[in-house]
Amino acid sequence: MLARDGLAGEAPPNVEQLAARPPHFTARATSVIFLFMYGGPSHVDLFDPKPELDRWHDQEIPVFKKEDAFMGKTRANAMRSPFQFAKHGEAGIDICDQYPELAKVADELCVIRSMTCKSNNHGPALFQMQSGSLLAGHPSIGSWTTYGLGSQCQDLPGFIVMMDHQGAPVNGALNWSNGFMPASFQGTPLRTAGEPIAYVRPPAGVSTSRQRAQLDLLGRWNSDYAAAHPADEELRSRIAAYELAFRMQNSAPEAVDLSREPESIHRLYGLDNKVSQHFGRNCLLARRLVERGVRFVQLYSGGNEGPRAWDAHDDLEKNHRLHCAETDRPIAALLTDLKQRGLLDTTLVVWGGEFGRTPNAEGGKGRDHHHRGFTMWMAGGGIKPGTIYGATDEFGYHAVENPVTLPDLHATILHLLGLDHEQLTYRFQGRDYRLTDVGGQVLRSILA
Amino acid sequence: MKWIAIVIAVAALVAGSVRANADDQFARAVQPILARHCAECHGAEDAEQGLDLSTATSVLAGSATAAVIEPGNSAESLLVQSLASEADPHMPPDGQLSDDEVRAVAAWIDSLDPATPVGSAGISEADRNHWAFRPLVRPPVPDGNDEGWSNTPIDRFVWAKLKSAGLSPSEPAERAVLLRRMYFDLIGLPPTPEEVAAFVGDDSNDAVDRVVDRLLASPQYGERWGRHWLDLARYADSGGFHNDLDRPHAWRYRDYVIASFNADKPYAQFVREQIAGDELADATLDTWIATGFCRNGPSNDDNMGKGIALEKYRMDELDDIISTTGTVFLGLTIGCARCHDHKYDPLSQRDYYRFLAFFHGAEKRQLELDSFDADELKLRPVNGKPDAKSPLAMVLTSHGQPSRTTRLLWRGDVRNPGPVVKPHVPEVLESSHSAFPAEAARRIDLADWITDAENPLTWRVIANRVWHYHFGFGLVATPSNFGRLGEPPTHPELLDWLATEFRDGGGSLKSLHRLIVTSAVYQQASDARDDAFAQDPENRLLWRMNRRRLEAESLRDAFLSVAGSLNPQAGGPGVHPRIRPDLLVASQRNKWPVVKREGAEHWRRSVYVYVKRQLQLPLLELFDAPNTSHSCPVRDNSLVPTQSLVLLNDEFAREQAARFADRARHDAGDGARAQVERALWIALGGRRANSALGRGRCVRGRAAGVAGTRGNGSRRRRPRRAGRLVSRADESERVCICRLINRWPIRAARISCIRQAPSRGEIGWLAPARRSATWR
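These protein sequence lines map, in sequence, to chains A and B.
Residue 4 in the working numbering sits at position 4 of the first sequence; the count goes up by one each step and never skips.
To convert, take the position in the second sequence, counting from 1, and add 1000; that gives the working numbering.
In structure tokens form, the structure reads like this:
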């Protein structure tokens, strides 16, 4: 299968790197929107209610191990959630009161409560969530996706990243790195102000028509040369690349031009609200990009470090109130909007951070990093809606029922995209690498 | 010797037949039982502790450390013992085989001939016979009539291959093309039109030799070839992880590399210094700095974790060092054997940890450079706060360190230590010269072994790398993997000849360059020929020279050079050219400084541009500057529209274009035609200089035609002759000329516009006398 597709462990030739390629089998999803809640959102305060924490509040919980604490002031004492939970939708999905809008589309969600990963340190955990490896230098999942499937959209990059208005997460651009793959598979940052994509706007004083004339002349010279050298594939590709670049100068600004969206859509995504407008704009952009065929869009909520991310060490309530308010309406709007346009069926939406937070307290009001059990959810794109999968123990500490590893999650995402995670390999330094390394089981029971 | 081989062969045959019988019975009676109870942990795919219970052979081979059965004696067999219900450890950990099942396993063991060989199958003759592990022997140079084609022995090897495939080599490249090739190849910069004119007009026999000597003697040679080495050494000026901490002293290693190439340091010495410069008997400041090779990998110095996490982090760093050491010097992917035996090459997990043991006692340190005294070293620990003020070097040393015991780690897991191992070289490469005292072996012993004349890999690997950089394609297409998954050499005899020539000539890289560049195969034209293309489209037999896109650094350096902007200052801390402020957000902390306007201090050669792991200079990154997380043996050659966008719209390109236009005016005076002619001279690097001059009018005509598209369609003409004129220019030159010509009418009409007048690309160079004077 792979050999036929020209993907037997090596990059396709230059000319074809970004051309659309057929999947291994019929895909359920053609695009992914990954809502990355950077910093570590607290599962026991958002989607995984634990009444035991009320009972054990401020008492030492037996499951705590000192070595699991990332920060020195983390104690074994349980901390009850400051938020109230209720069951929502026909499926009765537990969602906290900080997500009132999301609660209205609860029936779309498949909540995985038994996520685990291998690090409780932001840097390595981010790398692992992105690339399966705790170390830098491995391709991120968006790179694997565009490597496997190419791009459906020839006027825009296939893998686009939008950072939070607060800045980049730790690891910076290495989070969307192509690792050992060719640079054409790396994530392209998209900005909401100024030039949407770097270098996509001609310099001041250069009109489109003049640039067109320059490219025409260049194209003729190149074509003459190419005609004399029919074997030179690369030259023909270079001509095509200039043409694509020229088109991108139009298509990229068009794709990010939100003035083309009606007022009602602006309101739906919360663009009329100071708190939610940043993430709302990114969610709306994500929909527009997916409409145009972009394969993989990653949006960050939370940037920089500490309170500007979901990294609620000091005051969980304050931190999560803010970040929920920033994201609630935008995320609910994204699911609603994708659905009303018939795009939710083919767009997989993934929500989660690099880990969760401790059920026990850090200092008086905070929670520490925690990776032994936490929550992510998915929606659309072939996922079984209205589902709760897996469980943590009574404190929310360990994943105890159907624990899910990151390779499992990655395998499932690739599966929905029509890719077999064991066959999608890339040869580097004498080895065929996989996103899932030597692990990964597709979570078949949450597939629709 | 022959009889030994025969005895071994017979023994192997006997063992083979015994094992065949064992196989048969095992498959029927035992395999289903073990598959049911044991395969989850001890299957072929995932053999815990190296124990694979899926076949008779693998059961006989045992675990990574011990045999698990004693043929003919089930009672003494660990496998049967551990199946007993009271056994400790008991297998399977949470299950129990029935008595019948245990009896079946025991019966099979008892049925085996006690002479059946057990234990690791070890290194087979086939393993030792892998082409790259065979002793390096100088092959005879092919003779026979080569119709006077050959310049060097290299050519005779290539000729012989071509002839046997029914192919012939290409014509020699045009002189101007050849000169340009040599310039970009040896110093990474284009020649000036004057240099081209001089070379084209020089028909003396030693014209090429003199150019090669001049280029190899120029300091730009080290900047060009040192950059190749920095790719391999995963060089960067920051740590990468998390906060991407600055490495304010990393550049000393970069300068060490450049200086080593310029000095034509013998390769063995170069290798020894980088692996063990601190342990040399005659250690100097430079050799200490050389250990920066072991320090270049990504690191997380302000966030290393603690306890188990810290121990794991340390092992990751050591893995980076030995994986890089293995691939760079030996072409051996030993890093693959960290968690299990290598799946393809005869490298065991034990080999990995024995190799690691050479480095295990060493620590990352900062060496104080003020008043360096090899007898009284001032070393500081590495912590999360880089000290940019004091003169320091990043070094690796075991100086003042207690020795460390190295244990094999099952599945590479620090929580799962296995037996103690001593420093040693991979078993498959053991030979008389690897017999050093294992107890006290240090990195210098490893370095000595690597650089020993008898090492079969070292010399082949470096000869192939040099070939790869000259031709864009190695004789072995996988320069860092000489194992079974690597490509075999296309010209094995040529490779061995080059390797021995290099080794026996004292490891002089400059001599090797001279040999290659003066060869007929190097000097061929690069045009595709239908006959040969159909048969060998990848040009593996070298019937022509390969055509190549310029590397990122050469592209940027050529921009600077044709614009007259290049600041030739060498060495020192990395420079931060302008990155648009809106791109700076992509690095989280320790940000790239905001540069409002670039000046001469930024217009240094690209090898001196600060390599920030979280944010590389976009122009370089887009044109495939290496990702510095791992050693990079072969650069990608990607082709994406963002490259075109950066060439069209980036401020750097525009500014250099304006300066290029200024230069043309400065050189040629006020006449528009003379300016066009001069610009073409520079842009074409003097190539086809006569025709370029002769067609100046034509270019003007074309310029008018383009002007016509801006409002006066009546003057539009097809640029036939202009097209032909530049048809041989490289990609970026075409952009440059195109931009220049497009703007010409505006410029002629309104001189004040010239500041915005664009042009770009890699193009000629200033006349030598003006080189240093013209950057402003």
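Positions of the beta carbon are idealized from the N, C-alpha and C atoms, including for glycine.
This one's a predicted model, so the numbers in the text were calculated from it and none came from an experiment.
Beta carbon proximity, residue i to chain A, threshold 8 Å
i, result
"C1336/B", "yes"
"S1168/B", "no"
"L1205/B", "The amino acid occupying residue 1205/B in the given sequence is Asn; Leu does not appear at that position. No - not a single Cβ of chain A is within 8 Å of the one on N1205/B."
"L1555/B", "no"
"G1483/B", "yes"
"R1227/B", "no"
"Q1614/B", "yes"
"H1042/B", "no"
Chain B within 8 Å of residue i, Cβ atoms only
i, result
"M163/A", "yes"
"R434/A", "no"
"H229/A", "yes"
"I160/A", "no"
"G452/A", "No information on residue 452/A is available, as it lies outside the stretch 1 to 448 that chain A covers here."
"L135/A", "yes"
"R295/A", "no"
"Q211/A", "yes"
"P22/A", "no"
"R341/A", "no"
"E422/A", "no"
"P189/A", "yes"
For residue i, the three-state DSSP class (helix, strand or coil)
i, result
"G352/A", "strand"
"D94/A", "strand"
"Y300/A", "strand"
"H1424/B", "coil"
"I33/A", "strand"
"V1594/B", "coil"
"S1644/B", "helix"
"T146/A", "helix"
"V1080/B", "helix"
"M1315/B", "helix"
"C1294/B", "helix"
Candidates the options: closest to residue i by CA position
i, options, result
"E422/A", "P49/A, D54/A, G148/A, N402/A", "G148/A"
"F34/A", "P403/A, A448/A, G380/A", "G380/A"
"F1329/B", "T1451/B, R1180/B, R1549/B", "T1451/B"
"V1611/B", "P1568/B, G1472/B, K1596/B, E1553/B", "E1553/B"
"A1165/B", "L1584/B, T1405/B, A1532/B", "A1532/B"
"P1114/B", "G1507/B, L1494/B, D1670/B, I1069/B", "I1069/B"
"G280/A", "A76/A, R444/A, G132/A, C324/A", "C324/A"
C-beta neighbour in chain E for residue i, strict 8 Å
i, result
"D1052/B", "You won't find chain E in this structure, because its protein chains are A and B."
Closer than 7 Å at the beta carbon, the chain B residues around residue i
i, result
"Y242/A", "S1644"
Contacts of residue i in chain B (Cβ-Cβ under 9 Å)
i, result
"V200/A", "T1642, L1645, N1649"
"Q152/A", "Those do not exist, as Q152/A stays about 16 Å from chain B at its closest Cβ, beyond 9 Å."
"G39/A", "Going along chain B, no residue has its Cβ under 9 Å from G39/A, so there is no contact; the nearest lies around 12 Å."
"E90/A", "Under the 9 Å cutoff, chain B gives no residues; its nearest Cβ is about 39 Å from E90/A."
Neighbour list for residue i in chain A, Cβ cutoff strictly below 9 Å
i, result
"N1300/B", "N121, G123, P124"
"S1480/B", "Q429, G430"
"A1528/B", "H229, P230, A231, D232"
"T1327/B", "Q429, G430"
"N1455/B", "Near N1455/B there are no residues of chain A at all, since even the closest Cβ is about 19 Å away, more than 9 Å."
Residues that residue i contacts on chain A, provided the C-beta gap is smaller than 8 Å
i, result
"S1587/B", "A168, G172, A173"
"E1621/B", "A183"
Contacts of residue i in chain A (Cβ-Cβ under 7 Å)
i, result
"P1618/B", "A198"
"D1127/B", "By Cβ distance, chain A contributes nothing, its closest Cβ being about 16 Å from D1127/B, past 7 Å."
Alpha helix (DSSP H) segments (min. 4 residues) lying fully within the stretch 1435 to 1494 of chain B: 1443 to 1450, 1458 to 1471
Beta strand (DSSP E) runs contained entirely in the stretch 367 to 434 of chain A, provided each spans 3 or more residues: 374 to 379, 387 to 389, 399 to 401, 425 to 428, 431 to 434
Contiguous alpha helix (DSSP H) assignments of at least 4 residues, all confined to the stretch 280 to 329 of chain A: none
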